[in-house]
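Contents: one structure, followed by commentary.
Number of protein chains: 2
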Amino acid sequence: MEWANEIFSERALNLKRSEIRELLKLTSRPGIISFAGGLPHPDTVNKEVMLKLAEHVISEHKNTALQYGQTEGIPELVKQLIQLHKELDGIDVLPENMIVTSAAQQAIALTAKIFLDYEDEVLCARPTYLGFLQAVRSYRGKFVGVDLDPSDGIDVEHIERIFKAQGRGRIKYLYLVPDFQNPAGVTLSLEKRIRLIELAREYRFAIVEDSPYRQLRYTGENIPSMLALDTERNVVVTLYTFSKVFAPGLRLGWVTGPKQVIDKLTLVKQPADLCTSPFAQFLAAHYIEDGHLRNQLGFIADFYRPKQQAMIEAVERELGGIPGVSFTKPEGGMFLWIQLPEGIDSGELFQETLKRNVAFVVGSAFDPYAERNNCARLNFSFPTVEQIHEGMKILGECVKEMVTKKASA
Amino acid sequence: MEWANEIFSERALNLKRSEIRELLKLTSRPGIISFAGGLPHPDTVNKEVMLKLAEHVISEHKNTALQYGQTEGIPELVKQLIQLHKELDGIDVLPENMIVTSAAQQAIALTAKIFLDYEDEVLCARPTYLGFLQAVRSYRGKFVGVDLDPSDGIDVEHIERIFKAQGRGRIKYLYLVPDFQNPAGVTLSLEKRIRLIELAREYRFAIVEDSPYRQLRYTGENIPSMLALDTERNVVVTLYTFSKVFAPGLRLGWVTGPKQVIDKLTLVKQPADLCTSPFAQFLAAHYIEDGHLRNQLGFIADFYRPKQQAMIEAVERELGGIPGVSFTKPEGGMFLWIQLPEGIDSGELFQETLKRNVAFVVGSAFDPYAERNNCARLNFSFPTVEQIHEGMKILGECVKEMVTKKASA
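Line by line, the protein sequences are chains A and B. Going by our numbering, the first sequence opens with residue 459, and the numbers climb by one from there. Going by our numbering, the second sequence opens with residue 459, and the numbers climb by one from there.
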């Protein structure tokens with residue numbers, strides 16, 4: 459189709475292949491110790507449970523599970539999710555506050571679609587989740603990036619200054635991952651959560667709380683979710699996924715929030731894919747109902763805790779003494795974030811570590827302005843404890859070599 | 459969220475709940491003979507096969523099937539689809555010509571997204587598929603509607619006149635369902651297929667061939683697909699679904715077309731949902747590989763043929779003699795289309811038949827301009843042969859009463 463570029467939409471012409479995703483393909487070659495991915499460990503998916511659930515759903519629910527379903531989600535799953543909110547958040551929600559989605563990524567895209575016109579703005583952390591950046595770009599929205607404090611999350615005072623100076627302007631919503639953020643592993647403090655909800659009410663914007671990792675806490679104490687803190691149910695739209703606590707391959711998640719937002723999400727989801735797989739929804743409904751999710755949350759915490767602790771230890775040991783280096787100490791999730799001394803380019807570091815079979819993701823991938831080249835995201839959910847120690851030793855050596863080289867240059 | 463309407467995007471504010479989908483909810487009440495739905499019959503989904511496939515995929519492929527997959531689709535399925543194109547269309551396609559999607563509806567939405575900027579135009583039949591209309595509206599595209607000839611499909615001479623008069627203008631693509639079209643059941647002739655491809659090359663637009671029903675032929679001879687006729691592989695983008703030949707509840711389909719289009723679809727699919735369920739993809743790959751699809755195509759034709767024939771017979775018997783009434787005689791698919799005399803409002807007819815427990819969908823739902831109130835879509839895949847005869851008797855009586863009333867008014 460030689461005339462393709464004459465008929466593509468502007469948004470399609472503007473989209474480029476993600477360099478990061480191309481790099482990630484490199485990092486899957488055999489022999490690599492990869493801190494680059496963001497995958498749940500396959501050993502956390504229980505084969506026996508899955509066999510049992512599939513057998514049950516096909517035998518007992520074939521005619522509904524394998525048929526089209528309503529856009530909002532099947533009632534059997536919604537009922538379980540309402541119960542789950544009660545148990546985990548201590549809150550009551552109604553079916554009208556919920557929509558089932560094809561995992562959280564779809565919800566990220568649909569929230570962008572219902573809020574953003576061309577050049578409308580969305581507030582987000584620097585750094586923030588790559589899939590969010592891509593979704594907003596695909597609707598040609600613009601970012602207002604705000605720094606992330608490694609100890610307590612996004613800089614709320616900065617957000618307040620923005621609104622005081624300009625009012626809401628073209629800002630439609632704030633996107634954030636309050637618990638064990640991707641990519642930095644940082645958790646938002648209770649004070650900041652409360653203050654952000656006040657600001658949203660005052661300046662009349664929405665808060666999209668992306669919550670994929672909340673159930674993956676290995677140490678420390680839970681902080682109430684923003685959804686739970688939004689007692690008037692008029693500010694916070696929370697995105698959930700089954701990818702980290704059941705199986706990513708089912709592509710299943712849900713959204714809980716104000717009815718007006720759920721209504722619009724339903725209207726844009728219908729033409730997007732009619733409905734999310736009722737088969738996957740039935741599997742999840744029984745996964746919750748039969749108590750497997752509850753067991754799994756304990757299992758996962760025990761499974762990932764040694765990896766998290768190994769990663770924090772190894773980073774402290776290998777990088778702790780280097781001037782200008784800092785890093786986060788996540789209490790859960792899958793990622794730890796490193797800041798290297800100014801002038802150390804993480805792209806160059808990546809080339810060096812890759813030569814020695816260690817991979818990570820460069821920090822600029824997660825920056826809304828594609829800047830901040832001296833940062834790195836390290837995943838600890840996929841590698842073994844041994845790989846974490848070995849890989850971090852190599853990464854530490856490479857950093858030290860670059861720092862020495864730079865000092866002598 | 460009292461300020462919701464201040465922050466929604468224009469496109470979200472413009473979307474309305476589909477009256478049709480709301481009406482469809484009415485038609486699912488017990489005791490109704492419904493010609494309104496568009497569902498494959500649940501008896502066409504084979505429980506034993508599904509159990510066997512699920513058991514195999516979970517046992518043998520757990521670590522890939524239940525993990526994230528690449529956006530383009532899993533290689534195991536793509537390999538089977540290439541083989542399928544060879545067998546069914548007699549054509550060779552490459553992996554770069556294909557992308558797996560979350561059923562055809564997602565492909566309809568993503569093609570709209572890569573082609574349409576605000577107020578760009580898309581050519582389509584009057585009537586055409588409702589889900590296509592909704593997808594284009596969600597991107598605020600505009601329709602150029604062209605009449606459908608009941609005997610051989612869309613009016614190609616009209617299309618030619620449009621391009622001769624204005625050139626391509628803002629028209630980006632032609633959307634059509636060449637085989638057993640939804641809603642009218644009409645099939646596009648070979649001559650028209652060939653001519654449309656010539657026109658697309660001359661005026662440099664794309665053809666989106668939506669092909670959900672092609673394998674559901676009960677009588678007559680196959681006409682080559684537009685994909686097969688596009689031997690230069692530079693015009694036609696074809697959308698496929700597993701919903702009618704395997705199970706709608708898996709939400710699985712694929713697109714085959716020019717590499718440039720597939721590349722853009724991949725770029726917009728990534729932020730839309732990362733990937734389609736690898737679990738569903740593995741099920742489908744084995745469904746094809748183990749020969750179940752081949753068996754199913756024969757089974758489905760035998761299963762639906764009596765319903766198709768009963769519907770054509772019943773429509774001829776009950777409506778054939780009424781002046782001003784015409785109808786299509788589909789050789790496959792799921793739908794038959796009725797045109798009522800001018801001035802007979804199918805919305806009023808719907809109210810009458812619903813009182814007597816018979817439902818259908820009013821034709822204006824399928825019109826890009828929401829006009830043409832004297833038409834009706836009848837589904838024959840879901841009701842039994844007895845229900846078809848009984849329901850059509852009632853529908854015929856209602857039409858006759860309305861015609862008589864109108865004549866005496």
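Glycine included, each C-beta is placed from N, C-alpha and C at the ideal position.
| Item | Value |
| --- | --- |
| Tell me, please, whether the CB atom of glycine 489 of chain B is closer than 8 Å to any CB atom in chain A? | no |
| Going by other Cβ atoms of all chains shown within 10 Å of its Cβ, with 16 needed for buried, is leucine 836 of chain B buried or exposed? | buried |
| At a CB-CB cut-off below 7 Å, which residues of chain A make contact with isoleucine 572 of chain B? | Phe466, Ser467, Ala470 |
| Can you find a CB in chain A that lies within less than 8 Å of the CB of proline 636 of chain B? | no |
| Along the chain, which unbroken stretches of the beta strand (DSSP E) at least 3 residues long are found entirely within the region 561-618 of chain B? | 579-584, 600-607 |
| Report the rounded CA-to-CA distance for valine 536 of chain A versus glycine 801 of chain B, giving the unit in angstroms. | 45 Å |
| Whose C-beta lies closer than 8 Å to the C-beta of asparagine 832 of chain A among residues of the same chain, with five residues either side of it excluded? | Gln797, Leu798, Pro799, Glu800, Gly801, Ile802, Asp803, Ser804, Gly821 |
| Among residues of its own chain, excluding the 5 on either side of leucine 524 of chain B, which ones have a beta-carbon nearer than 7 Å to its beta-carbon? | Phe737 |
| What number of angstroms, rounded off, separates the C-alpha of glutamate 468 of chain B from the C-alpha of isoleucine 572 of chain A? | 8 Å |
| Does chain B have any CB closer than 8 Å to the CB of glutamine 845 of chain A? | no |
| Based on DSSP bridge pairs, tell me the residues matched to phenylalanine 818 of chain A. | Note: phenylalanine 818 of chain A sits in no beta bridge, so no partner. |
| What are the residues that DSSP puts in a beta bridge with methionine 860 of chain B? | Bridge partners of methionine 860 of chain B: none, in fact. |
| Please confirm whether glutamate 513 of chain A and leucine 509 of chain B have their CB atoms less than 8 Å apart. | yes |
| Any beta-carbon of chain A closer than 8 Å to the one on aspartate 760 of chain B? | no |
| Name the residue from B/Arg651, B/Arg584, B/Leu632, B/Lys622 whose alpha carbon lies nearest to the alpha carbon of valine 604 of chain B. | B/Arg584 |
| Within 10 angstroms of its Cβ, does threonine 696 of chain B collect 16 or more other Cβ (buried), or is it exposed? | buried |
| Using a Cβ cut-off of 8 Å (strictly closer), state whether glutamine 564 of chain B contacts chain A. | yes |
| Alpha carbon to alpha carbon, what distance is there between leucine 546 of chain A and lysine 858 of chain A? | 44 Å |
| Is there at least one Cβ from chain B nearer than 8 Å to tyrosine 526 of chain A's Cβ? | yes |
| Rounded to whole angstroms, what's the CA-CA distance from methionine 850 of chain A to phenylalanine 638 of chain A? Just pull it up for me. | 21 Å |
| Taking contact to mean 3 or more Cβ pairs, one atom from each stretch, closer than 8 Å, check whether the region 700-712 of chain B and the region 743-763 of chain B are in contact. | yes |
| Using 8 Å as the limit for Cβ to Cβ distance, is tyrosine 631 of chain B near chain A? | yes |
| Name, please, each residue of chain B whose Cβ falls closer than 8 Å to the Cβ of glycine 749 of chain A. | The premise fails here: glycine 749 of chain A is roughly 20 Å from chain B at the closest Cβ pair, so nothing lies under 8 Å. |
| Excluding the 5 residues preceding and the 5 following phenylalanine 621 of chain A in the sequence, name in chain order all residues of the same chain whose CB lies nearer than 7 Å to its CB. | Leu657, Tyr661 |
| Going by DSSP in three states, glycine 790 of chain B sits in which element: helix, strand or coil? | strand |
| Within 10 angstroms of its Cβ, does leucine 484 of chain B collect 16 or more other Cβ (buried), or is it exposed? | exposed |
| Is the beta carbon of alanine 664 of chain A sitting closer than 8 Å to the one on methionine 459 of chain B? | yes |
| Name, in chain order, the residues that DSSP records as bridge partners for alanine 664 of chain B. | B/Tyr631 |
| Beta carbon of tyrosine 676 of chain A, beta carbon of asparagine 640 of chain A: below 8 Å? | no |
| Looking at the structure shown, is threonine 699 of chain B part of a helix, part of a strand, or coil, going by DSSP? | strand |
| Just to confirm my understanding: we take leucine 646 of chain A, look at its own chain, exclude 5 residues before and 5 after, and list those with CB closer than 6 Å. What are they? | Gly611, Pro636 |
| Quick check on this structure: which residue in A/Lys787, A/Ala759, A/Ile758 has the alpha carbon closest to the alpha carbon of alanine 772 of chain A? | A/Lys787 |
| Whole angstroms are fine: how far does the CA of valine 694 of chain B sit from the CA of alanine 909 of chain B? | In the structure as shown, chain B starts at 459 and stops at 867, and residue 909 of chain B therefore has no counterpart that could be examined. |
| Within the region 739-816 of chain A, note down every full beta strand (DSSP E) run reaching 3 residues or more, in order along the chain. | 793-797 |
| Just checking: is the beta-carbon of alanine 494 of chain A within a distance shorter than 8 Å of some beta-carbon in chain B? | no |
| Please name the residue, chosen from B/Gly643, B/Glu855, B/Met860, that lies closest to phenylalanine 785 of chain B on a Cα-to-Cα basis. | B/Gly643 |
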